[in-house]
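Visitor: This is the structure I want to talk about, given as C-alpha coordinates.
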Amino acid sequence: MSKTKNTDLTERFPAVLKELRLQKGISQEELADRASLHRTYISQIERGLKSPSLRSLGQIADALEVTLSNLIKKMEK
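Take 0 as the starting number for the sequence shown in numbering that gives the first Met the number 0 and just add one per residue.
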(Lines of atoms letter the chains of each structure in order from A and count residues from 1; the text may use other names and numbers.)
(Lines give C-alpha, C1' and ligand atoms only; values in the text may rest on other atoms or scores of the structure.)
Protein backbone atom coordinates (compact mmCIF):
# COMPACT_ATOMS: atom_id res chain seq x y z
CA MET A 1 0.00 0.00 0.00
CA SER A 2 1.43 3.41 -0.93
CA LYS A 3 1.73 6.24 1.54
CA THR A 4 -0.66 9.14 1.41
CA LYS A 5 0.39 12.78 1.36
CA ASN A 6 -0.80 13.16 4.95
CA THR A 7 1.33 10.24 6.11
CA ASP A 8 4.32 11.82 4.40
CA LEU A 9 3.59 15.09 6.23
CA THR A 10 3.60 13.40 9.62
CA GLU A 11 6.91 11.76 8.78
CA ARG A 12 8.45 15.08 7.69
CA PHE A 13 7.27 17.18 10.62
CA PRO A 14 9.99 16.08 13.08
CA ALA A 15 12.75 17.27 10.73
CA VAL A 16 10.93 20.52 9.94
CA LEU A 17 10.41 21.25 13.62
CA LYS A 18 14.05 20.62 14.47
CA GLU A 19 15.24 22.70 11.50
CA LEU A 20 13.07 25.68 12.48
CA ARG A 21 14.08 25.39 16.13
CA LEU A 22 17.77 25.35 15.25
CA GLN A 23 17.33 28.29 12.85
CA LYS A 24 15.92 30.24 15.80
CA GLY A 25 18.90 29.13 17.88
CA ILE A 26 16.80 27.78 20.71
CA SER A 27 16.91 24.55 22.68
CA GLN A 28 14.09 22.06 23.01
CA GLU A 29 13.63 23.36 26.54
CA GLU A 30 13.31 26.96 25.36
CA LEU A 31 10.85 25.97 22.63
CA ALA A 32 8.82 23.98 25.12
CA ASP A 33 8.76 26.93 27.52
CA ARG A 34 7.68 29.35 24.78
CA ALA A 35 4.97 26.93 23.62
CA SER A 36 3.80 26.03 27.15
CA LEU A 37 4.58 22.38 26.46
CA HIS A 38 6.87 19.89 28.18
CA ARG A 39 10.44 19.52 26.91
CA THR A 40 10.12 15.75 26.67
CA TYR A 41 7.05 16.21 24.46
CA ILE A 42 9.07 18.41 22.08
CA SER A 43 11.82 15.78 22.09
CA GLN A 44 9.32 13.02 21.32
CA ILE A 45 7.88 15.03 18.44
CA GLU A 46 11.34 15.68 16.99
CA ARG A 47 12.15 11.97 17.20
CA GLY A 48 8.87 11.03 15.51
CA LEU A 49 7.52 9.26 18.58
CA LYS A 50 4.55 11.61 19.03
CA SER A 51 2.35 13.53 16.63
CA PRO A 52 1.22 16.91 17.92
CA SER A 53 -2.43 17.85 18.15
CA LEU A 54 -3.73 20.81 16.21
CA ARG A 55 -3.64 22.86 19.41
CA SER A 56 -0.01 21.89 20.05
CA LEU A 57 0.87 22.71 16.43
CA GLY A 58 -0.55 26.18 16.96
CA GLN A 59 1.43 26.63 20.17
CA ILE A 60 4.61 25.46 18.47
CA ALA A 61 4.05 27.76 15.48
CA ASP A 62 3.51 30.72 17.81
CA ALA A 63 6.63 29.82 19.79
CA LEU A 64 8.66 29.66 16.56
CA GLU A 65 7.09 32.94 15.39
CA VAL A 66 5.70 31.41 12.19
CA THR A 67 2.13 31.06 11.04
CA LEU A 68 0.53 27.66 11.23
CA SER A 69 0.02 27.75 7.46
CA ASN A 70 3.74 28.44 6.89
CA LEU A 71 4.62 25.57 9.19
CA ILE A 72 2.42 23.26 7.14
CA LYS A 73 3.87 24.60 3.87
CA LYS A 74 7.38 23.77 5.09
CA MET A 75 6.25 20.18 5.62
CA GLU A 76 4.81 20.01 2.11
CA LYS A 77 8.10 20.95 0.43
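Where a beta carbon is used, it is the ideal one built from N, C-alpha and C, also for glycine.
Being a predicted model, the structure only gives us computed values, none of them experimental.
Where does Thr66 sit, in a helix, a strand or coil, going by DSSP?
Guide: The answer is coil: DSSP assigns Thr66 none of H, G, I, E or B.
Visitor: Since Leu36 and Gln22 are thought to touch, with beta carbons under 8 Å apart, how far apart are those beta carbons, to the nearest angstrom?
Guide: Contact doesn't hold; Cβ gap of about 19 Å is too wide.
Visitor: For Arg11 and Leu53, I'd like the C-alpha separation in whole angstroms.
Guide: Answer to the nearest angstrom: the Cα atoms are 16 Å apart.
Visitor: If I measure Cβ to Cβ from Ala60 and keep anything under 7 Å in the same chain, skipping five residues before and after, which residues do I get?
Guide: Counting only Cβ-Cβ distances below 7 Å, and skipping sequence neighbours, we find Thr66, Leu67, Leu70.
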